[in-house]
Amino acid sequence: MGGIPLLLSELWFVLIAVLFIGFFFLEGFDFGVGMSTGLIAKTDRERRTLINSIGPFWDGNEVWLLTAGGAMFAAFPHWYATLFSGFYLPLVVVLLLLIGRGVAFEFRSKMKQQRWRRTWDIIIVVASALLPFLFGVVFATLMKGLPIDENMQMHAGFLDIVNPYTVVGGLSVTLLCLVHGLLFVSLRTVGELRERALQLAKKVMMPLVAVLAIYALLTYLMTDVFTVRGWALWIMALLGAAALALAAYFIRQQREGWAFGMTGAVIAIAFASVFIGLFPRVMVSSINSAFDLTVYNAASGPYSLKVMTIVACTLLPFVLGYQIWSYYIFRKRLNEQHHLEY
Amino acid sequence: MDPIMLSRIQYALTTIFHFFFVPLSIGLVLLVAIMETLYVMKGKEIYKTMAKFWGKLFLINFAVGVVTGILQEFQFGMNWSEYSRFVGDVFGAPLAIEALLAFFMESTFIGLWIFGWDRLSKKVHLACIWLVFAGTFLSAVWILAANSFMQHPVGFAINNGRAEMNDFFALLTNGQFLVEFPHTIFGALMTGAFVVTGISAYKLMKKQDVEVFRRSFNIAVIIGLVSSLGVAFSGHFQAQYLVETQPMKMAASEGTWTTTEDPAPWTVIASIDPDKQENSGEIKIPGLLSYLSYSKFSGSVKGMKELNAEYQQTYGPGDYIPPVRTTFWSFRVMIAAGGLMILLAMYGTYLAWRKKLEVAKPWFMRLMVFAISLPFIANSAGWIMTEVGRQPWTVFGYMTTEAGVSPNVSAGMILFSTIAFTAAYTVLGIVMVFLFVRKIKAGPYAVDKSEEHDEPADPFGVDGGYSVVTK
Chain A
73 MGGIPLLLSE LWFVLIAVLF IGFFFLEGFD FGVGMSTGLI AKTDRERRTL
123 INSIGPFWDG NEVWLLTAGG AMFAAFPHWY ATLFSGFYLP LVVVLLLLIG
173 RGVAFEFRSK MKQQRWRRTW DIIIVVASAL LPFLFGVVFA TLMKGLPIDE
223 NMQMHAGFLD IVNPYTVVGG LSVTLLCLVH GLLFVSLRTV GELRERALQL
273 AKKVMMPLVA VLAIYALLTY LMTDVFTVRG WALWIMALLG AAALALAAYF
323 IRQQREGWAF GMTGAVIAIA FASVFIGLFP RVMVSSINSA FDLTVYNAAS
373 GPYSLKVMTI VACTLLPFVL GYQIWSYYIF RKRLNEQHHL EY
Chain B
126 MDPIMLSRIQ YALTTIFHFF FVPLSIGLVL LVAIMETLYV MKGKEIYKTM
176 AKFWGKLFLI NFAVGVVTGI LQEFQFGMNW SEYSRFVGDV FGAPLAIEAL
226 LAFFMESTFI GLWIFGWDRL SKKVHLACIW LVFAGTFLSA VWILAANSFM
276 QHPVGFAINN GRAEMNDFFA LLTNGQFLVE FPHTIFGALM TGAFVVTGIS
326 AYKLMKKQDV EVFRRSFNIA VIIGLVSSLG VAFSGHFQAQ YLVETQPMKM
376 AASEGTWTTT EDPAPWTVIA SIDPDKQENS GEIKIPGLLS YLSYSKFSGS
426 VKGMKELNAE YQQTYGPGDY IPPVRTTFWS FRVMIAAGGL MILLAMYGTY
476 LAWRKKLEVA KPWFMRLMVF AISLPFIANS AGWIMTEVGR QPWTVFGYMT
526 TEAGVSPNVS AGMILFSTIA FTAAYTVLGI VMVFLFVRKI KAGPYAVDKS
576 EEHDEPADPF GVDGGYSVVT K
């Protein structure tokens, strides 16, 4: 292996990290909006307004996850194979929830019957809350380490995946998405709905700060990322804390745009920290550090990384361009008069 | 049951289900785009009504296609992790490009299309639906490039026990891809066309919204004719390619145990006995297999027994004969459904051209309604033949399906997921058909039910969480 392939595999690690951060930043708020339909909507019209506020976006947001998965498959086949087979049962649940949630948006307003809508509404709320929780759990286990053997095979038991550390991780992501989503609602709605969203965001800030603090502390105690990465992670932690404080401040000031930006920053910093803490490992073995999967031993060959790099660098600007354009087109707040599609 | 069998079953079930929706999405969105183009060019409201009506059906279908597609991407890693390790370098690239190029495009522009009727200019809105079509089309390009690699691996070298890509353009100029892509994409356009002609025929029989459905039928039947002929021609080229690259699949799809005489006859039907490796009750058409294989009425086609011996020489001991009955019959079902569609599209085009649609014989219109099922049958049968006929290989010549399965996933886990996915898909299928039928019955001018709200309804009860936000 020469110098360039190593650099490329490191670049792809960064790209995959960016794709996951993009996914949690974007799908994060639509998870939050999904949860909020069960918390701040008083009427069917309001619930629909909430769903429609993410109507044009949620599908595109979810593609960030699909692209991250595809990029992982292409750039780090071993990472993809070990992770997806190792987390078999959690991923079955994730898939069922993603399936249910996706069609629920499309189906729920197609019929007027209350039982019909109620069923899909429950699916939206439950899936929107459980998905970030499960993603949080999975990412927490990545930092903590998993029983991966010398053949890169992961044999995780229930407690390897579900334990106090990962549950706190799951809760952190869920609450973070909730606040992020409530702020998105406050940006895209008017009147009472906007006010209720801000009110609830303010209330959720306290428990959010608490779980994030506990999670940071547990990460310090139970994982090696602070020792491996040292000052870099401390800086990230400080940045995260600052962004969180600013988010709380802007929520109180009712400046939802800035507050939304700050919760987004917290999400980005949190997940960036995970990847910084892991690097150059992609999966940590709890059995023996010699069995760790790294960006070097899990990567594809130099040729395919080069092709993928060219393709990604060509396409990504367009993708970002038209996604931003679509947010620009739908920048206006939804009010009572708006025609609702979903 | 063993994990391999369960993984096979799960893959077959989820992929066949997913592939009900994919071709319909591609086919329907093209028709919607054509209708909206007519609206923008001619300015007639009726074309907008048509685009919106078929667009609604498209969206319901698209949603199911998207969510079942997520599972497809995850499944390689979950159930076939050894396969993923072996081919990720080559096979993962088109998948990643598919997501980056196609999925982003279709998901973003479908959002703009659904919600943008009042916010975008007519032309920009029209551009959005064409970009959705482009997205679905490009998605097909990349996933079929990936599948073609499994049928006919090119552009790679084995390194450290893994297939590593060394020629990206070889993947895109893979002969298999060049025959498989047109065949599949014509099949998709045909699917959209026959669903639209079938539903239109139903509405025309009922004399409901005749103006809308006559026009819909006319547009769709032309696409149906062109694409069903396209399927047949591209299928012919694919068969010829198959004889060269995967002769075993071809022999199995013909039930040819021993090398045929010259010219080779085509077996219409036969009773196949895979244990004794012989057929009985064959009905044959002389010379036709030679024509299918070589485009001329001469040349013999190798039989499975000889090929098996050859494969054993090349790949070592083992049984390289795929499940013959499944391959044989799925091929015939595909051809029968395809042939029937060509005839129906021809006669339908004739009626549309002669403006005789409204006085068409009820048997024909009823047949068109029944024909909605044909493209789905043909698509599924075609893929069953392609994938089952490649067995025991998953990557032809390099990796068997057995070797690709995840070693760390137990049979119980796969059984659980198979049951869970099947249950979820069954519900999805039922709900989807139910919504389709409702939309069709309501017709294009129905008051949009989604505009009605239940006020004040609160599914989560009086105290469902928002009491915390009461000021």
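Protein sequence lines correspond, in order, to chains A and B. In terms of the numbering used here, the first sequence opens at residue 73 and continues consecutively. In terms of the numbering used here, the second sequence opens at residue 126 and continues consecutively. Where is the CB? At the ideal position from N, CA and C, for every residue including glycine. Nothing here was measured: the structure is a model prediction, and the numbers come from that model.
- According to DSSP, residue pairing for A/I220 in a beta bridge involves A/M226.
- Rounded to whole angstroms, the separation of the alpha carbons of B/P532 and A/N223 is 10 Å.
- Restricting attention to A/I196, A/F129, A/N124, A/W397, the CA atom closest to the CA of A/L111 is found in A/I196.
- B/A503 has a beta carbon lying at 9 Å or more from every beta carbon in chain A.
- In the DSSP assignment, B/D398 falls within the beta strand (DSSP E) that extends over 391–398.
- B/R244 carries a coil assignment under DSSP once its states are collapsed to helix, strand and coil.
- In the same chain as B/A485, and ignoring 5 residues on each side of it, the C-beta atoms closer than 7 Å to its own belong to L476, in chain order.
- The DSSP-derived three-state label of B/G168 is coil.
- In summary, the residues of the stretch 200–231 of chain A whose CB is separated from some CB of chain B by less than 7 Å are Q225, M226, H227, in the order they occur in the chain.
- Under the 10 Å beta carbon count, A/D221 is surrounded by fewer than 16 other beta carbons and is classified as exposed.
- When Cβ-Cβ separations below 9 Å define contact, A/A153 makes contact with chain B.
- For a Cβ distance threshold of 8 Å, nothing in chain B lies close to A/P352: the least Cβ distance comes to about 19 Å.
- DSSP, read as helix, strand or coil, puts B/W382 in coil.
- Here B/Y136 is buried: its Cβ has 16 or more other Cβ atoms, across all protein chains shown, within 10 Å.
- Close CB contacts of B/L184 within its chain, under the 8 Å cut and outside five residues either way in sequence, are with I235, I239 (chain order).
- Using beta-carbon distances, B/A462 does not count as an interface residue toward chain A, since no partner is under 9 Å.
- Residue burial is scored here from C-beta neighbours: B/Q371 has at least 16 other C-beta atoms within 10 angstroms and is therefore classed as buried.
- Closest in alpha carbon position to B/V320, among B/Y570, B/V154, B/W488, B/Y436, is B/V154.
- Taking a beta-carbon distance threshold of 9 Å, B/L153 does not count as an interface residue toward chain A.
- A direct Cα-to-Cα measurement between B/S425 and B/L432 gives close to 13 Å.
- DSSP, read as helix, strand or coil, puts B/I410 in strand.
- Note on A/N360: under 16 other CB atoms within 10 angstroms of its CB, so exposed under the neighbour-count rule.
- The Cβ of A/L388 sits closer than 9 Å to at least one Cβ of chain B.
- With respect to chain B, the C-beta atom of A/T295 has no partner C-beta closer than 9 Å.
- Linking A/A342 to A/L284 through their CA atoms gives a straight-line distance of about 9 Å.
- Look at B/L432: its C-beta is not under 9 Å from any C-beta on chain A.
- Residue state for A/A113 is assigned as coil, using DSSP reduced to three classes.
- Minimum Cα-Cα distance from A/T295 among the listed residues A/F156, A/S108, A/R117, A/S358 corresponds to A/S358.
- At least one CB atom of chain A sits nearer than 9 Å to the CB of B/E289.
- Put simply, the CB of A/A147 is near chain B, with a gap under 9 Å to one of its CB atoms.
- Bounds of the alpha helix (DSSP H) holding B/E207 are 206–212.
- In this chain, the alpha helix (DSSP H) harbouring A/I401 covers 374–401.
- Per DSSP, B/V534 lies in no alpha helix (DSSP H) and is assigned neither H nor E.
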